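Chemist:
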Amino acid sequence: MSGNGSEREQKTVDLDDLLLKSSRTFALSIPLLPEPTRREVTVAYLLFRIADTFEDAAAWSRVRRQEALAAFVHLLERPRSPDVVGLVAQWLDEPPVHHAGYLELLSETPSVLEAFDALLPAAREPVRRHTARTAEGMAGFVGRGSEAGELRLDTLQDLRDYCYVVAGIVGEMLTELFIVGHAPLAADADALRGRAAAFGEGLQLVNILKDASADGVEGRRYLPKGVDLATVFELARTDLDRAAEYTTLLHDAAAPRGMIAFNALPVQLARATLDRVEQRGSGAKLTRPEVFAALAAMNADLDAGRTPVRPRQTETGS
């Protein structure tokens, strides 16, 4: 028994290390979650990041990226498949990206899949289903790009559809995990599900606005040429208002503090980042002291029994 326990503990440490090396905001917010939701979300994040690495594989052809995403979906169905070792070797033979953390994560795909397979069925099934939906949606957008890997979104609806695939579905998956982790949330399930996609989409829009210049250099032009930037900023703010409503629902339903904090912190940081980018342009970001100040402010609100984020109309009284 002690040997098995030590092995499980080591795997948890390894997953947390992979999270730190492959994330920024989520490496701050996921540890706030209570167990077992924390582990479930860690595993889910790493799976989504693997899919995202294939989507962003600028060094690969369009067909190769689609094939990798399809193989990954198959592995979600058979996480202990003997094929995984050979697939990982193929993926790393010509590294899809330069990011060391993403490449290390890719090399640990077998361990991540084992951790996924070890989740309780109530958590494993929504993680599998929603990760597969995202990977399949990503493959569709890869297919719309050029053979060289360049992707241009032409309309605002294209942008919204893309954000749903890569982030809105994540919000839907997280909602299912929260309900599994805190049964009383089932009473608010419809209200939470109605806001879940906008939550993820708002965070993704902020990232797209922040990283527009760097993405453009790599051939990814997510901001449609014919759409005014002010429209995209307002769409992001509207989505973040929905995210604030989502967080308030958790607070009012007496969800665990860590669950509320996990959702509140990204919204606070996204709003502040959006303001910074609007003022200074693409590439602007928050400083580390500003991030930790936001974390302290959030904890002060929670200590006082207040919801840390609110929709704009509530904040302004309009």
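In this text, residue positions in the sequence shown follow the working numbering: the first is 4, and each later residue adds one.
Cβ atoms here follow ideal geometry from the backbone N, Cα and C, with glycine treated the same way.
These numbers were taken from a predicted model, which means no experiment stands behind them.
Quick check on this structure: which residue in ARG163, THR310, THR56 and ALA257 has the alpha carbon closest to the alpha carbon of ASP138?
Modeler: Residue identity check: residue 138 is Ala in the sequence provided, not Asp. Of the candidates ARG163, THR310, THR56 and ALA257, the one whose C-alpha sits nearest the C-alpha of ALA138 is THR56.
Chemist: Going by beta-carbon coordinates alone, are LEU49 and VAL100 separated by less than 8 Å?
Modeler: The answer is no: Cβ separation not under 8 Å.
Chemist: Looking at C-alpha atoms only, which residue of GLU248, GLY286, LEU253 and TYR249 is the closest neighbour of ILE211?
Modeler: The candidate whose alpha carbon is nearest that of ILE211 is GLY286.
Chemist: Quick one: grab the DSSP three-state call for LEU156.
Modeler: DSSP places LEU156 in coil when its eight states are reduced to three.
Chemist: Let's see if you can read the secondary structure: which residues bound the alpha helix (DSSP H) around ARG283?
Modeler: Start and end: 260-283.
Chemist: Which of the three DSSP states, helix, strand or coil, is assigned to ARG309?
Modeler: In the structure shown, ARG309 sits in coil (DSSP, three-state: anything other than H, G, I, E or B).
Chemist: Counting Cβ pairs, one atom from each stretch, are 3 or more of them under 8 Å apart for the stretch 298-305 and the stretch 247-265?
Modeler: Touching, yes, given that three or more Cβ pairs across the two stretches are closer than 8 Å.
Chemist: Please return the same chain residues whose Cβ sits closer than 6 Å to the Cβ of ALA257, not counting the five positions on each side in sequence.
Modeler: Correct list: empty, nothing qualifies.
Chemist: Among the residues of its own chain, which have a CB less than 7 Å from the CB of ARG274, if the five just before and after it don't count?
Modeler: LEU243.
Chemist: List the residues that DSSP assigns as beta-bridge partners of ARG41.
Modeler: Note: ARG41 sits in no beta bridge, so no partner.
Chemist: Mind checking ASN7: buried by the 16 CB within 10 Å criterion, or exposed?
Modeler: Unreliable positioning characterises ASN7 in this predicted model, as indicated by a pLDDT of 41, which lies under 50. A coordinate reading is not provided.
Chemist: Mind checking whether THR276 and LYS228 have CB atoms under 8 Å apart?
Modeler: Not in contact: THR276 and LYS228 (Cβ atoms no closer than 8 Å).
Chemist: Is the beta carbon of SER142 sitting closer than 8 Å to the one on GLN69?
Modeler: Looking at the sequence itself, residue 142 is Ala, so the reference to Ser does not match. In this structure, GLN69 lies closer than 8 Å to ALA142 by Cβ.
Chemist: Alpha carbon to alpha carbon, what distance is there between PRO292 and GLU153?
Modeler: Whole-angstrom Cα-Cα distance: 36 Å.
Chemist: By the 10 Å Cβ neighbour count, where 16 or more other Cβ atoms means buried, how is SER32 classified, buried or exposed?
Modeler: With 16 or more Cβ atoms within 10 Å of its Cβ, SER32 is classed as buried.
Chemist: Kindly identify the DSSP beta-bridge partner or partners of LEU224.
Modeler: The residue you asked about is not Leu; residue 224 is Arg in the sequence shown. Paired residue(s): ARG155.
Chemist: Do ARG260 and LEU305 come within 8 Å of each other at the CB atom, strictly closer than that value?
Modeler: It is a contact, given that the beta carbons lie within the stated cut-off.
Chemist: What is the residue span of the alpha helix (DSSP H) that GLY203 lies within?
Modeler: Looking at the DSSP string, the run of the alpha helix (DSSP H) that includes GLY203 is 192-213.
Chemist: Here's the rule I'm using: 16 or more other beta-carbon atoms within 10 Å means buried, otherwise exposed. How should GLU175 be labelled?
Modeler: The residue in question, GLU175, is buried, as its Cβ has 16 or more Cβ neighbours within 10 Å.
Chemist: Identify whether VAL100 lies in helix, strand or coil by the three-state DSSP scheme.
Modeler: Three-state DSSP puts VAL100 in coil, outside helix and strand.
Chemist: Based on Cα-Cα distance, which residue from VAL44, TYR167 and THR112 lies nearest to LEU79?
Modeler: Ranking the options by Cα distance to LEU79, first place goes to THR112.
Chemist: If you compare alpha carbons, which of ASP19, ASP218, VAL209 and VAL230 is closest to LEU289?
Modeler: Comparing Cα-Cα distances from LEU289 to each of ASP19, ASP218, VAL209 and VAL230, the minimum goes to VAL209.
Chemist: Express the C-alpha separation of PRO85 and LEU159 in angstroms, rounding to a whole number.
Modeler: Those two C-alpha atoms are separated by around 42 Å.
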